[in-house]
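A.B. asks: One structure follows; several queries about it will come next.
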Ligand code: RNT
Ligand code: ZN
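Numbering (my numbering), first residue to last: 26 to 446.
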């Protein structure tokens, strides 16, 4: 569509929205300030650059073998550059796992990593205006092979992983200092039992002890923010996960940590949308791992589902978006990996736009007057308001392609780069 037509459609949409009390220009302005953190691991099936060849483990499973996977830091950065160029808005972030350090062919174990190994990422992020978030990697390692890390019964193994956690916070802080925006360093550990445990308390006590040791040092929240990520179950931890929702909710509240809500980490009929307003009352900030579980925590590419729309609505309705860090968490190796990032991130931003276009004032006043008929009418009619025209305008004015045209860029990149790897 021509720019002229996009703008004509936007002018009509703006008028239509004004009639229901929504200022589309204000919505766009608010949206432009929200960063989304792209997860590095969609680019290479959570491979990383340690070169060890350990099984992924931790219950993580990536399916598919689409050609062109990134195998070096430069390749991954180049793929990310293409993805960011097709996503509207500036200042989107990168969510990096510890196993993506640059080790120059040397064996550097997880308890030896330092900010030095992430210098390449720091420089790239600085040059491209990205903030960086960080994650210790408690999987794909011989010391995590039996499914336990920080809650392991073996003191030596716990000590090893505690050291990893301590170093990761320092690396997060180094990113924060270099980039002028704090890293959210997110702790997810796979610890759990496949079959019915005899003791559910012991591992949780060991986990708390390990985490308390990791978090002992105070680090300024200008540099680093710690988050903890609960999970209901995983492959190989079907019967018991040490870091359950109740466990980490209590931990985060008592230790003043961020709680991470992953959309795939609850019972399939449960949505994290409803949890946001509750946990925000008791923890300082939250991190989201926006994902799409299909029948289980399958980490499918985020599509424009009702669940996603509800998550975005609840983020915006809190009126506290600065305290909600939006990360993505999916991995699909059956389709072009760069396209997967673009699809999922554009959908996240699209859902945030739709949330900003909600006729919020009219809905709330109907609700306060207990006029539930009006509330339902407004909600349903809002679904067919011309928000697509606002989205096209947003893309056009924020350096991103309008509509599906971005796929031609991906196809060209396949021919020029990906298929030559
Ligand atoms: C696993 C968690 C975790 C991972 C990443 C790779 O169930 O969701 O966030 O997906 O850290
Ligand atoms: Zn997650």
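In this text, a Cβ means the ideal position worked out from N, Cα and C, and glycines have one as well. Treat the numbers as computed from the prediction; the structure is a model and nothing was measured.
Could you tell me the distance, in whole angstroms, from the CA atom of residue 393 to the CA atom of residue 264?
C.D. replies: Computed Cα separation, rounded: 43 Å.
A.B. asks: So the alpha helix (DSSP H) residue 340 belongs to, where does it begin and stop?
C.D. replies: Per DSSP, residue 340 belongs to the alpha helix (DSSP H) from 331–342.
A.B. asks: Can you tell me which of 125, 268, 117 puts its alpha carbon nearest to the alpha carbon of residue 285?
C.D. replies: Checking every option, the nearest Cα to that of residue 285 belongs to 268.
A.B. asks: May I have all residues whose beta carbon comes closer than 5 Å to any heavy atom of the ligand ZN, sorted in chain order?
C.D. replies: Those residues are 287, 314, 354, given in chain order.
A.B. asks: Name the two residues that bound the continuous beta strand (DSSP E) containing residue 118.
C.D. replies: Start and end: 118–122.
A.B. asks: Since residue 217 sits in a beta bridge, which residues does DSSP pair it with?
C.D. replies: In DSSP, residue 217 forms a bridge with 266.
A.B. asks: Checking the sheet assignment: what are the DSSP bridge partners for residue 350?
C.D. replies: Residue 350 pairs with 312.
A.B. asks: Let's test the definition: count the other Cβ atoms within 10 Å of the Cβ of residue 36 and tell me whether it reaches 16, buried, or not, exposed.
C.D. replies: Exposed, because fewer than 16 other Cβ atoms sit within 10 Å of the Cβ of residue 36.
A.B. asks: Exposed or buried, what is residue 396 when buried is set at 16 or more other beta-carbons lying within 10 Å of its beta-carbon?
C.D. replies: Exposed, by the Cβ-count rule.
A.B. asks: Let me check you understand the geometry: is the CB of residue 71 closer than 7 Å to at least one non-hydrogen atom of the ligand RNT?
C.D. replies: Checking every heavy atom of the ligand RNT against the Cβ of residue 71, one is found closer than 7 Å.
A.B. asks: Mapping DSSP to helix, strand and coil, what is residue 287?
C.D. replies: Three-state result, residue 287: strand.
A.B. asks: What first and last residue would you give for the beta strand (DSSP E) that runs through residue 321?
C.D. replies: 321–325 is the extent of the beta strand (DSSP E) around residue 321.
A.B. asks: Taking contact to mean at least 3 C-beta pairs separated by less than 8 Å, is the stretch 232–243 in contact with the stretch 336–355?
C.D. replies: Counting Cβ pairs under 8 Å, fewer than three are found: no touch.
A.B. asks: Over the uninterrupted alpha helix (DSSP H) stretch that includes residue 210, give me the two end residues.
C.D. replies: Segment 208–212 is the beta strand (DSSP E) holding residue 210; no alpha helix (DSSP H) there.
A.B. asks: Would you mind reading off the limits of the alpha helix (DSSP H) that contains residue 110?
C.D. replies: Per DSSP, residue 110 belongs to the alpha helix (DSSP H) from 98–110.
A.B. asks: Please list, in chain order, all residues of the same chain as residue 408 whose beta carbon is under 8 Å from its beta carbon, the five residues on each side excluded.
C.D. replies: Answer for residue 408: no residue qualifies.
A.B. asks: Please indicate yes or no: does the CB of residue 85 lie closer than 7 Å to some heavy atom of the ligand SAH?
C.D. replies: Questions concerning the ligand SAH fall outside what the structure shown contains, since the ligands it does hold are the ligand RNT and the ligand ZN.
A.B. asks: Are the CB atoms of residue 112 and residue 374 nearer to each other than 8 Å?
C.D. replies: In contact: residue 112 and residue 374 (Cβ atoms closer than 8 Å).
A.B. asks: Taking 7 Å as the limit between beta carbons, can you name the residues of its chain near residue 335, skipping five residues before and five after?
C.D. replies: So the list reads 296, 298, once near-sequence residues are dropped.
A.B. asks: Taking only three categories from DSSP, how would you classify residue 14?
C.D. replies: Residue 14 cannot be examined here, being either before or after the span of the chain that is shown, 26 to 446.
A.B. asks: Check whether the stretch 182–200 touches the stretch 218–228, counting contact only when three or more Cβ pairs, one atom from each stretch, lie closer than 8 Å.
C.D. replies: Segments in contact, no.
A.B. asks: So, at 6 Å on beta carbons, what are the nonlocal neighbours of residue 213 in its own chain, with the 5 sequence-adjacent residues on each side left out?
C.D. replies: Excluding residues within five positions, the ones whose Cβ falls inside 6 Å are 254.
A.B. asks: State the CB to CB distance for the pair residue 249 and residue 197, rounded to an integer number of angstroms; the pair is presumed to be in contact (CB under 8 Å).
C.D. replies: 4 Å between Cβ atoms; contact.
A.B. asks: Within a Cβ cutoff of 6 Å, which residues of the same chain sit near residue 177, ignoring the five residues on either side of it in sequence?
C.D. replies: Only 183 meet the Cβ criterion.
A.B. asks: Once you ignore the five residues that flank residue 307 on each side, which residues in its own chain have a CB closer than 6 Å to its CB?
C.D. replies: The answer, listed in chain order, is 278.
A.B. asks: Relative to the ligand RNT, is the shortest distance from any of its heavy atoms to the C-beta of residue 160 smaller than 7 Å?
C.D. replies: Yes, the beta carbon of residue 160 sits closer than 7 Å to at least one heavy atom of the ligand RNT.
A.B. asks: Please state the DSSP three-state secondary structure of residue 233.
C.D. replies: Helix.
A.B. asks: Can you tell me whether residue 401 is buried or exposed, with buried defined as 16 or more other CB within 10 angstroms of its CB?
C.D. replies: Residue 401 should be labelled exposed.
A.B. asks: Specify the secondary structure class of residue 158 as computed by DSSP and reduced to three states.
C.D. replies: Strand.
A.B. asks: Pick helix, strand or coil for residue 317, following the three-state DSSP scheme.
C.D. replies: In this structure, residue 317 counts as strand in the three-state DSSP scheme.
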